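Colleague: This structure is in structure tokens; I'll ask about it shortly.
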Amino acid sequence: MSATPAAGDSLTRRFDARAAVRDQGVYVAVGALLAFNLLFTSNFASLDTLRLQLIQAVPVIIVALGMALVIATEGIDLSVGAVMALASAVVPLYLGYSVEVAIAMALVCGVAVGVLNGFMVAVVGIQPIVATLAVLVGGRGVALVLAEGRLTEIFDPTLTYLGSGRVLGVPFNVIVAAVLALLIGAMVRRTIIGRQLVAVGGNREASVLAGVPVKRTLFAVYVTSGVLAAIAGVLLTGRSGAANPAYIGLDYELFAITAVVVGGTPLTGGRIRVFGTVMGALLMQLVSTTLVSHNLTDSDRRIVTALIIVAAVTLQRSRRTT
Amino acid sequence: MNIAAAPTPEGGTAARGPLLDVQDVTKRFAGVTALDSVSFELGAGEVRALVGENGAGKSTLIKVITGVYRPEAGEVRYLDEPVSFGSPREAQVAGISTIYQEINLVPQMSAARNLFLGREPTNRVGLVDVRRMNADASDVLANYGVHVDPRKPLRELGVGVQQMVAIARAVTTDARVVIMDEPTSSLEPREVERLFEVIRILREQQVGVVYVSHKLDEIFAICDSVTVLRDGRRVHEGPVPELTKLRLVAVMLGRDVADVRESGRTRFTASHVQAAEPVLSARSLTRRHLLEDVDVDVRPGEVVGLAGLLGSGRSETVKAIFGAQAVDRGEVAVGGAPVKMGSPARALAAGVALLPEDRKAEGIVPDLSIRENILLAALPRLTRAGLVSDRKGDEIVEIFMRRLRIKAAGPAQKVRELSGGNQQKVLLARLLCLEPKVLLLDEPTRGIDVGAKAEVQGLIDELAQTGLGVVLISSELEEVAEGSDRVLVLQDGRIVARLAGEEISEEEIVSAISGGDDDTAQRPAP
Numbered sequence: 001m002s003a004t005p006a007a008g009d010s011l012t013r014r015f016d017a018r019a020a021v022r023d024q025g026v027y028v029a030v031g032a033l034l035a036f037n038l039l040f041t042s043n044f045a046s047l048d049t050l051r052l053q054l055i056q057a058v059p060v061i062i063v064a065l066g067m068a069l070v071i072a073t074e075g076i077d078l079s080v081g082a083v084m085a086l087a088s089a090v091v092p093l094y095l096g097y098s099v100e101v102a103i104a105m106a107l108v109c110g111v112a113v114g115v116l117n118g119f120m121v122a123v124v125g126i127q128p129i130v131a132t133l134a135v136l137v138g139g140r141g142v143a144l145v146l147a148e149g150r151l152t153e154i155f156d157p158t159l160t161y162l163g164s165g166r167v168l169g170v171p172f173n174v175i176v177a178a179v180l181a182l183l184i185g186a187m188v189r190r191t192i193i194g195r196q197l198v199a200v201g202g203n204r205e206a207s208v209l210a211g212v213p214v215k216r217t218l219f220a221v222y223v224t225s226g227v228l229a230a231i232a233g234v235l236l237t238g239r240s241g242a243a244n245p246a247y248i249g250l251d252y253e254l255f256a257i258t259a260v261v262v263g264g265t266p267l268t269g270g271r272i273r274v275f276g277t278v279m280g281a282l283l284m285q286l287v288s289t290t291l292v293s294h295n296l297t298d299s300d301r302r303i304v305t306a307l308i309i310v311a312a313v314t315l316q317r318s319r320r321t322t
Numbered sequence: 001m002n003i004a005a006a007p008t009p010e011g012g013t014a015a016r017g018p019l020l021d022v023q024d025v026t027k028r029f030a031g032v033t034a035l036d037s038v039s040f041e042l043g044a045g046e047v048r049a050l051v052g053e054n055g056a057g058k059s060t061l062i063k064v065i066t067g068v069y070r071p072e073a074g075e076v077r078y079l080d081e082p083v084s085f086g087s088p089r090e091a092q093v094a095g096i097s098t099i100y101q102e103i104n105l106v107p108q109m110s111a112a113r114n115l116f117l118g119r120e121p122t123n124r125v126g127l128v129d130v131r132r133m134n135a136d137a138s139d140v141l142a143n144y145g146v147h148v149d150p151r152k153p154l155r156e157l158g159v160g161v162q163q164m165v166a167i168a169r170a171v172t173t174d175a176r177v178v179i180m181d182e183p184t185s186s187l188e189p190r191e192v193e194r195l196f197e198v199i200r201i202l203r204e205q206q207v208g209v210v211y212v213s214h215k216l217d218e219i220f221a222i223c224d225s226v227t228v229l230r231d232g233r234r235v236h237e238g239p240v241p242e243l244t245k246l247r248l249v250a251v252m253l254g255r256d257v258a259d260v261r262e263s264g265r266t267r268f269t270a271s272h273v274q275a276a277e278p279v280l281s282a283r284s285l286t287r288r289h290l291l292e293d294v295d296v297d298v299r300p301g302e303v304v305g306l307a308g309l310l311g312s313g314r315s316e317t318v319k320a321i322f323g324a325q326a327v328d329r330g331e332v333a334v335g336g337a338p339v340k341m342g343s344p345a346r347a348l349a350a351g352v353a354l355l356p357e358d359r360k361a362e363g364i365v366p367d368l369s370i371r372e373n374i375l376l377a378a379l380p381r382l383t384r385a386g387l388v389s390d391r392k393g394d395e396i397v398e399i400f401m402r403r404l405r406i407k408a409a410g411p412a413q414k415v416r417e418l419s420g421g422n423q424q425k426v427l428l429a430r431l432l433c434l435e436p437k438v439l440l441l442d443e444p445t446r447g448i449d450v451g452a453k454a455e456v457q458g459l460i461d462e463l464a465q466t467g468l469g470v471v472l473i474s475s476e477l478e479e480v481a482e483g484s485d486r487v488l489v490l491q492d493g494r495i496v497a498r499l500a501g502e503e504i505s506e507e508e509i510v511s512a513i514s515g516g517d518d519d520t521a522q523r524p525a526p
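Each protein sequence line maps, in turn, to chains A and B.
Residue 81 in this note's numbering sits at position 81 of the first sequence, and the numbers go up by one each step.
Residue 526 in this note's numbering sits at position 526 of the second sequence, and the numbers go up by one each step.
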């Protein structure tokens, strides 16, 4: 039986408190950590430190934006780290032509992997986690083959600028991340595909019957995710001054998923929080900084990360439907 | 039948007094009184109908009984003891089983696993004894007339069988009280008969049954007594034989009997004006095992009913027209222009809209707002230069929420929080804002309360009068008979009869459905 209107009201009311924590929690946590570090962490209250926090969070932010789109469709993209490695491996191969060609080829890699993922998920109907897991394993393998298993140092001014340059004191890659976040935010709010992708994640069958081009939508989100991962790979390559496909992007699929979930997008799809995702990535960065600057180890960081994930997922558990 | 067996002081054993005795229960939600001093008694071996419109307080009452809600005043007594269950599970352990409208089973697991979930038979080392479980499941299900392989995943077994598994599960947990919330909403007539047999067995075993249903026929066929709630108050209680359908509807709606008689039992009025040329014409729709040369013509302003048993090809026909069901052969034309088969998007663009049968699985996007649900199909039309216009969207949502009288806190409320009737209206709004030429309505009034049902029926009429072509599917013969200008009767994927005008009556449809094949003549008890 359907709930009486009165019952509905009370449920909404009761869960609003939880929803508020779920929706605003990440902002509060970022604010609290910032305040804590400004007060208690020596040398934190400097422009350089703050800038560094942003720079380090940038690749995760960019990858997580794509991940959020995929997760909103009730999917997941485990291939993003491998795409970063592929993009990194491709750059030195084409630097001989020009830096533009090299970057373009890196992005083409992202598109290609996205198309492959989209094909497997939308057309063949493979479960996203399985399809993209295959690419996670295979993609880095291909990257290593392309790079002949080596680290290649890169001395290209454009790439270096992409990775470490500044505009009026603001790191260039932070600007890139901000622009991408705004674009994805606008896409989700204002474009057809943005509105539809949430419906696809919320109820795929209903979306088909409402005339939503479900397959095209799935293709689009996996391609977007691939391209964003490739961009992150290029930026990271530029910053580190080397194409190192053995390490670039390692574990990034997990960082990105964490940022998305902590930012308030449920893994069950049907909902997306773009700004929350950005904040989720920043939160994880701040957590790491806080722990390191207070002499805690990487293992501690992992444990705290785990606790945060558990807390976020607990908050998101959809209410029991009776 | 012994109605609400009078409590006998010297009785001692629980079965003598009422099994369940709800006394003056009041439940408020944020100032709104959902139950106002409601009493409810259920005796052993009694089948009690609980009826009322949505919002009347039926589900709140059930939730108070099963421990989901705690009442502000009054008490629940079970087996002569005051009880306050902490959860539905506690209630179930104590012997009060509830079967919800939305089947609460695990579709991926086998029928046997579902049947014995949480109380699986174990062998000596404590592992699940799968062989015994499957054998037991086979036996139990056979008792309910279900002969299927219990090892099969539930989702492969069809909705009717799933419902029977849910019922069998509830009953086999040694329940003293079984609460059935619209148990027949996905059963076909023969299965309904079977369910009634099960209920009769329960009655013999002195189990008390609370039967929540919107279907008057069923209440008169199986229930001993009835409690009617309206606006959180008990407005009627008494034996069923003392009532007429008309009187019951009048009590539920709180209207005069004369009013009800005047408007008929359904909200449909007389036939509609019809133009000559069909707006929709489907030819030779054929799909192996499902459809065979089905032709459907609908003229503007005409309501064409599709009648037939579950599995006769009614839903498949409309889905084929809409492009959501693959066909081996067949053509569809709208206004004379052919429409590409197999694409809902093309069908929508051509002006054909489908209200799917399974509101929850195929209709609503539960976590999105009313607004996003209404606009889902219309987004491409609200777009300028690639951007969706919120202003236009808001206008449309406002117009349709008002026009269809969607009751909600506002357009931002999540659809999952709405009642079934209001969810259905949201889906209708989604179709209507596309300004379709043809509406395919598959069970538009299933599982919604009497008031919303009348509103939806009235709306269908109104839409036809404005020149829409409507295809109407309903399991309720009354609805098809009264609502349609023509009726196509399907059997085994073929059209076996075409009725028009004076020929249309429930009796004619039944005889057409049963025509030639004697044992399909059964229908739910009249």
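From the three backbone atoms N, C-alpha and C, an ideal C-beta is built for every residue, glycine too.
Treat the numbers as computed from the prediction; the structure is a model and nothing was measured.
Could you tell me which chain A residues have their CB closer than 7 angstroms to the CB of R169 (chain B), listed as they occur along the chain?
Modeller: As a first step, residue 169 (chain B) must be located in the second sequence, where it is residue number 169. Under the 7 angstroms cutoff, chain A gives no residues; its nearest Cβ is about 16 angstroms from R169 (chain B).
Colleague: Using a Cβ cut-off of 7 angstroms, pull out every chain D residue sitting near D367 (chain B), in sequence order please.
Modeller: Note that chain D does not occur in the displayed structure, where the protein chains are A and B.
Colleague: For Q539 (chain B), tell me which candidate among B:G17, B:T33, B:S37, B:F29 has the shortest Cα-Cα distance.
Modeller: Past the boundaries of the shown model lies residue 539 (chain B); chain B is included only from 1 to 526, so the question cannot be answered.
Colleague: Considering only heavy atoms of the ligand HEM, does any lie closer than 6 angstroms to the CB of P338 (chain B)?
Modeller: The model depicted lacks the ligand HEM and carries no ligand whatsoever.
Colleague: So, are the CB atoms of V438 (chain B) and V279 (chain B) less than 7 angstroms apart?
Modeller: For the purposes of this step, residue 438 (chain B) is identified with residue 438 of the second sequence, where counting begins at 1. For the purposes of this step, residue 279 (chain B) is identified with residue 279 of the second sequence, where counting begins at 1. Yes. Within cutoff.
Colleague: Could you tell me if H294 (chain A) is buried or exposed, where buried requires 16 or more neighbouring beta carbons within 10 angstroms of its beta carbon?
Modeller: Taking the first residue of the first sequence as position 1, residue 294 (chain A) is located at position 294. Label assigned to H294 (chain A): exposed.
Colleague: Cα-Cα, which of B:R381, B:R416, B:L375, B:V388 is closest to E398 (chain B)?
Modeller: If you number the second sequence from 1, residue 398 (chain B) lands on position 398. Here the closest residue by C-alpha is B:L375.
Colleague: Kindly say whether L323 (chain A), judged by its beta-carbon, lies nearer than 7 angstroms to any beta-carbon of chain B.
Modeller: Given a span of 1 to 322 for chain A in the structure shown, any question on residue 323 (chain A) remains unanswerable.
Colleague: Ignore the nearest five residues each way along the sequence and tell me which others in V298 (chain A)'s own chain have a CB closer than 6 angstroms to its CB.
Modeller: By one-based count along the first sequence, residue 298 (chain A) stands at place 298. With the sequence shown as reference, residue 298 (chain A) is identified as Asp, and Val is not the correct amino acid for it. Answer for D298 (chain A): no residue qualifies.
Colleague: Taking the beta carbon of G301 (chain B) as the centre, do at least 16 other beta carbons fall within 10 Å, making it buried, or is it exposed?
Modeller: As a first step, residue 301 (chain B) must be located in the second sequence, where it is residue number 301. Under this definition G301 (chain B) is a buried residue.
Colleague: Return no unless some Cβ of chain A is closer than 7 angstroms to the Cβ of P344 (chain B).
Modeller: On the second sequence, position 344 is the one that residue 344 (chain B) refers to. Output row for P344 (chain B): interface = yes.
Colleague: What residues in the segment 385 to 401 of chain B have a beta carbon less than 7 angstroms from any beta carbon of chain A?
Modeller: G386, L387, V388
Colleague: Applying a beta-carbon distance threshold of less than 7 angstroms, which residues of chain A neighbour T383 (chain B)?
Modeller: As a working mapping, residue 383 (chain B) is identified with position 383 in the second sequence. The contacting residues are I192.
Colleague: Once the 5 residues before and after E75 (chain B) are set aside, which same chain residues still bring their CB inside 7 angstroms of it?
Modeller: Within the second sequence, the letter at position 75 stands for residue 75 (chain B). Taken in chain order, the residues that qualify are Q23, P82.
Colleague: Starting from G211 (chain A), find everything on chain B with Cβ-Cβ shorter than 7 angstroms and list it in chain order.
Modeller: The residue given as residue 211 (chain A) occupies position 211 in the first sequence. Within 7 angstroms Cβ-Cβ: P344, A345, L348, A377.
Colleague: Just confirm the distance between the C-beta atoms of L115 (chain B) and A137 (chain B), as a whole number of angstroms; I'd bet it's less than 8 angstroms.
Modeller: For this step, residue 115 (chain B) is matched to residue 115 along the second sequence. For this step, residue 137 (chain B) is matched to residue 137 along the second sequence. Contact flag correct, Cβ pair sits at about 5 angstroms.
Colleague: Starting from A464 (chain B), follow the alpha helix (DSSP H) in both directions and report where the run begins and ends.
Modeller: For the purposes of this step, residue 464 (chain B) is taken as the residue at position 464 of the second sequence. Segment 450 to 465, the alpha helix (DSSP H) holding A464 (chain B).
Colleague: Name the chain A residues that come within less than 7 angstroms of I380 (chain B), Cβ to Cβ?
Modeller: What you label residue 380 (chain B) is simply residue 380 of the second sequence in a count that begins at 1. First, the amino acid is wrong: residue 380 (chain B) is Pro here, not Ile. Those are I192, listed as they occur along chain A.
Colleague: Which class does R166 (chain A) belong to by DSSP, given the choice of helix, strand or coil?
Modeller: Taking the first residue of the first sequence as 1, we reach residue 166 (chain A) at position 166. Three-state DSSP puts R166 (chain A) in a strand.
Colleague: Leaving aside the five residues before and after L162 (chain A) along the sequence, list all residues of the same chain whose C-beta is less than 7 angstroms from its C-beta, in chain order.
Modeller: Here residue 162 (chain A) refers to the residue found at position 162 when the first sequence is read from its first residue. Answer for L162 (chain A): F172, N173, V234, L235, G238, listed in chain order.
Colleague: What residues from chain A crowd round G363 (chain B), counting only those whose CB sits closer than 7 angstroms?
Modeller: Here residue 363 (chain B) refers to the residue found at position 363 of the second sequence. Correct list: A206.
Colleague: Which two residues bound the contiguous alpha helix (DSSP H) that contains V292 (chain A)?
Modeller: Numbered from its first residue, the first sequence carries residue 292 (chain A) at position 292. Unbroken alpha helix (DSSP H) run through V292 (chain A): 274 to 293.
Colleague: Give the straight-line distance between the Cα atoms of G232 (chain B) and V25 (chain B), rounded to the nearest whole angstrom.
Modeller: Along the second sequence, one-based indexing puts residue 232 (chain B) at 232. Along the second sequence, one-based indexing puts residue 25 (chain B) at 25. Answer to the nearest angstrom: the Cα atoms are 10 angstroms apart.
Colleague: Please name the residue, chosen from A:T41, A:L39, A:L34, A:I61, that lies closest to L228 (chain A) on a Cα-to-Cα basis.
Modeller: The sequence position of residue 228 (chain A) within the first sequence is 228, counting from 1. It is A:I61.
Colleague: What residue range is occupied by the uninterrupted alpha helix (DSSP H) comprising E197 (chain B)?
Modeller: The residue given as residue 197 (chain B) occupies position 197 in the second sequence. Segment 189 to 204, the alpha helix (DSSP H) holding E197 (chain B).
Colleague: Which chain A residues sit within Cβ distance under 8 angstroms of L354 (chain B)?
Modeller: Your numbering for residue 354 (chain B) matches position 354 in the second sequence. By Cβ distance, chain A contributes L209.
Colleague: So E72 (chain B) contacts chain A; which residues on that side make the cut at Cβ distance below 7 angstroms?
Modeller: To locate residue 72 (chain B), count along the second sequence from 1; it is residue 72. Per Cβ cutoff of 7 angstroms: no residues; E72 (chain B) is ~12 angstroms from chain A at best.
Colleague: Closer than 8 angstroms by C-beta to S484 (chain B): which residues in its own chain qualify, once you throw out the five before and the five after it? Chain order, please.
Modeller: Against the second sequence, residue 484 (chain B) aligns to sequence position 484. Hits under 8 angstroms: V303, V304, G305, L472, I504.
Colleague: Under the assumption that V91 (chain A) contacts I154 (chain A) (Cβ atoms under 8 angstroms), give the Cβ distance between them as a whole number of angstroms.
Modeller: Walking along the first sequence from the start, residue 91 (chain A) turns up at place 91. Walking along the first sequence from the start, residue 154 (chain A) turns up at place 154. Indeed, because the Cβ distance is near 7 angstroms, the residues count as touching under 8 angstroms.
Colleague: As a quick exercise: from B:K360, B:T66, B:Y78, pick the residue whose alpha carbon is nearest that of F85 (chain B).
Modeller: Translated into the one-based positions of the second sequence, residue 85 (chain B) becomes position 85. Answer by Cα proximity: B:T66.
Colleague: Are the C-beta of A324 (chain B) and some C-beta of chain A separated by less than 7 angstroms?
Modeller: Position 324 of the second sequence holds residue 324 (chain B). At least one chain A Cβ lies under 7 angstroms of A324 (chain B).
Colleague: Report the rounded CA-to-CA distance for V111 (chain A) versus N244 (chain A), giving the unit in angstroms.
Modeller: Position 111 of the first sequence, counted from the first residue, corresponds to residue 111 (chain A). Position 244 of the first sequence, counted from the first residue, corresponds to residue 244 (chain A). Whole-angstrom Cα-Cα distance: 21 angstroms.
Colleague: Here's the rule I'm using: 16 or more other beta-carbon atoms within 10 Å means buried, otherwise exposed. How should H214 (chain B) be labelled?
Modeller: One-based indexing of the second sequence puts residue 214 (chain B) at position 214. H214 (chain B) comes out buried.
Colleague: What number of angstroms, rounded off, separates the C-alpha of N43 (chain A) from the C-alpha of L286 (chain A)?
Modeller: Position 43 of the first sequence holds residue 43 (chain A). Position 286 of the first sequence holds residue 286 (chain A). Those two C-alpha atoms are separated by around 14 angstroms.
Colleague: Using beta-carbon positions only, say whether L283 (chain A) and V262 (chain A) come within less than 7 angstroms of one another.
Modeller: The residue given as residue 283 (chain A) occupies position 283 in the first sequence. The residue given as residue 262 (chain A) occupies position 262 in the first sequence. Their beta carbons are under 7 angstroms apart, which means L283 (chain A) touches V262 (chain A) by this criterion.
Colleague: In chain order, what residues of the same chain have a beta carbon less than 7 angstroms from the beta carbon of G467 (chain B), not counting five sequence neighbours either side?
Modeller: In the second sequence, counting from the first residue as 1, residue 467 (chain B) sits at position 467. Cβ within range, chain order: P300, G301.
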